[in-house]
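Trainee: Numbering (this note's numbering), first residue to last: 1140 to 1539.
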Ligand SMILES: *Cc1c(COP(=O)(O)O)cnc(C)c1O
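#1: Got a sec? Which residues, its chain only, sit under 6 Å from residue 1388 by beta carbon, not counting five neighbours each side?
#2: I'd like to confirm something about residue 1475: is its beta-carbon nearer than 7 Å to some heavy atom of ligand 1, or not?
#3: Bridge partners for residue 1232 per DSSP, in chain order?
#4: Skipping 5 residues on each side, what residues in its chain have a beta carbon closer than 8 Å to that of residue 1528?
#5: Taking the straight line between their C-alpha atoms, what separation do you get for residue 1222 and residue 1175?
#6: Restricting to Cα atoms, I'd like to know which of 1375, 1215, 1348, 1472 is closest to residue 1200.
#7: Considering residue 1345, what are the terminal residues of the alpha helix (DSSP H) in which it resides?
#8: Return the CA-CA distance between residue 1415 and residue 1396, expressed in angstroms with no decimal places.
#9: Exposed or buried, which one is residue 1157 when buried takes at least 16 other CB atoms within 10 Å?
#10: Tell me which residues share the same chain as residue 1526 and place their Cβ nearer than 6 Å to its Cβ, disregarding the 5 neighbours each side in the sequence.
#11: Determine the direct distance from the alpha carbon of residue 1202 to that of residue 1552, and round the result to whole angstroms.
#12: Restricting to Cα atoms, I'd like to know which of 1275, 1362, 1279, 1370 is closest to residue 1257.
#13: Extract the residue ranges of the alpha helix (DSSP H) inside the region 1289–1375, only unbroken runs of 4 or more that lie entirely within it.
#14: Taking the alpha-carbon of residue 1509 as reference, which of 1322, 1469, 1192, 1398 has the nearest alpha-carbon?
#15: Excluding the 5 residues preceding and the 5 following residue 1359 in the sequence, name in chain order all residues of the same chain whose CB lies nearer than 6 Å to its CB.
#16: Residue 1309: beta carbon under 7 Å from a heavy atom of ligand 1?
#17: Would a C-beta distance cut-off of 8 Å place residue 1488 and residue 1235 closer than the cut-off?
#18: Who are the Cβ neighbours of residue 1197 in its own chain at under 6 Å, not counting the five residues just before and after it?
#19: When you measure from the CB of residue 1388 to every non-hydrogen atom of ligand 1, does any distance come out below 7 Å?
#20: When you compare only the Cα positions, how much space is there between residue 1143 and residue 1271?
#21: With hydrogens ignored, establish whether the beta-carbon of residue 1292 is closer than 7 Å to any heavy atom of ligand 1.
#22: Taking all protein chains shown into account, decide if residue 1558 is buried (16 or more other Cβ within 10 angstroms of its Cβ) or exposed.
#23: Take residue 1146 and list the residues in its own chain whose beta-carbon comes closer than 6 Å to its own, dropping the five residues that flank it on each side.
#24: Suppose only complete runs of 4+ residues qualify. What are the alpha helix (DSSP H) ranges in the region 1422–1461, listed by chain order?
#25: For a quick check, are the C-beta atoms of residue 1499 and residue 1362 less than 8 Å apart?
#26: Using alpha carbons as the reference points, say which of 1374, 1381, 1275, 1448 lies closest to residue 1184.
#27: Do the region 1506–1523 and the region 1418–1435 make contact, defined as three or more Cβ pairs closer than 8 Å?
#28: Could you check the C-alpha separation between residue 1497 and residue 1404 for me, to the nearest Å?
#29: What are the residues that DSSP puts in a beta bridge with residue 1207?
#30: When burial is assigned at 16 or more other CB atoms within 10 Å of the CB, is residue 1541 buried or exposed?
#31: Return the CA-CA distance between residue 1483 and residue 1298, expressed in angstroms with no decimal places.
#32: Taking residue 1496 as part of the alpha helix (DSSP H), name the residues at either end of that continuous run.
#33: When you compare the CB positions of residue 1344 and residue 1333, do they come within less than 8 Å of one another, or not?
#34: At which residues does the beta strand (DSSP E) containing residue 1469 begin and terminate?
#35: Out of curiosity, what's the CA-to-CA distance linking residue 1195 and residue 1377?
#36: How big is the Cα-Cα spacing for residue 1354 and residue 1481?
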């Protein structure tokens, strides 16, 4: 089956005698057992639920993994993957990484005595040099959120495997429709399913897909032990949303491409980051390992004040922290999704305060461009010339 087909065609109720087209929701916490000493297929929803299992089977199929585990959020999925790392081991994470992942690694995992190092995985020579003490787990995003920096998954997997480590790729930004890291050698794929997989901004969910059963077993064990598995109704909503992912993603990325080009050609915009732009760093690697550029882009204006006015003057873009939904959104990552990264470190990682992130929805592209055009005009006429006024950080700060 071609990708578009496999996202929509799957058996939604393999054993149901009524043969429904949509999967049933098993909204139950417990299951009656055959007797006091025998176990049925399911006993308790924390440990397993047919609706969640259907979702997990579909996700494993789409990511080409042995097994998938669905969690209550992307962060819960990342925590489950990190549970593979025991004391005495180390974790390496890409230096441009989602703010919540950074917070989990630095505030929860590292204080537990597991050393965490951040490395620029776009530079593999540097990685090879530093890989002397091999880490147990290397966690990267590619493209990264929000800077869209590219890491060569196949080459990094080879380096990490040489040192007997595991490579986990956070694939939230593209989805398996556009990139399948397990096929490139990664051991685990992680998703914030809250983003593109759901697509409708109405579910918080996360996924870990393991290439081999050997790695899936301890993660499934953790899912039950820690009790962070996804609830049946959320699993059902996700199954529903995923059926339209292929057409949503096609439209979102063609809209993103149009917006990137429009911004690239506007003299008021200093830099645009999008893998679909000719001079985007790592573009050739990206084209080799992914089938598309995705629906997220970002840009710098050179002025925090200008960026803030621009964001607030848009009418068709929701100011929200998330991305991947059918409705376009816009944000200032340094004050919103990535506020949990300390400002000195944000600066070192080139996450400037004037950076604007856009998630293209499925609206008509001309409406989105008209809206950006009018917002640029307002930002330009209202921003005092030469006045670099600091943004009011408290107005936006989120998640500490
Ligand atoms: C949002 C996000 C997460 C966290 O997922 P939640 O569902 O919000 O817990 C992890 N990684 C990336 C790349 C994200 O964008």
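For each residue, glycine too, the CB sits at the ideal point set by N, CA and C.
Mentor: In brief:
#1: 1316
#2: no
#3: DSSP, once it has assigned bridges, lists 1257, 1278 as partnering residue 1232.
#4: With a pLDDT of 41 at residue 1528, under the threshold of 50, the modelled position of this residue cannot be trusted, and the question is left open.
#5: 33 Å
#6: The residue with the shortest Cα to Cα distance from residue 1200 is 1348.
#7: Here residue 1345 belongs to no alpha helix (DSSP H); instead the beta strand (DSSP E) covers 1345–1349.
#8: 6 Å
#9: exposed
#10: Bear in mind that the predicted position of residue 1526 carries a pLDDT of just 48, short of 50, making it too unreliable to give a figure here.
#11: The requested residue 1552 does not occur in the structure, where the chain is confined to residues 1140 to 1539.
#12: The shortest Cα separation from residue 1257 among 1275, 1362, 1279, 1370 belongs to 1279.
#13: 1292–1301, 1352–1365
#14: 1398
#15: 1208
#16: yes
#17: yes
#18: 1149
#19: no
#20: 43 Å
#21: no
#22: The displayed coordinates of the chain run from 1140 to 1539. Any statement about residue 1558 would go beyond what the structure contains.
#23: 1384, 1385
#24: 1422–1428, 1443–1452
#25: no
#26: 1374
#27: no
#28: 16 Å
#29: 1348
#30: The question about residue 1541 has no answer, for the chain in this structure spans 1140 to 1539.
#31: For residue 1483 and residue 1298, the distance between alpha carbons rounds to 30 Å.
#32: Element bounds for residue 1496: not the alpha helix (DSSP H) but the beta strand (DSSP E), 1495–1498.
#33: yes
#34: From DSSP, the beta strand (DSSP E) with residue 1469 extends over 1468–1470.
#35: 10 Å
#36: 33 Å
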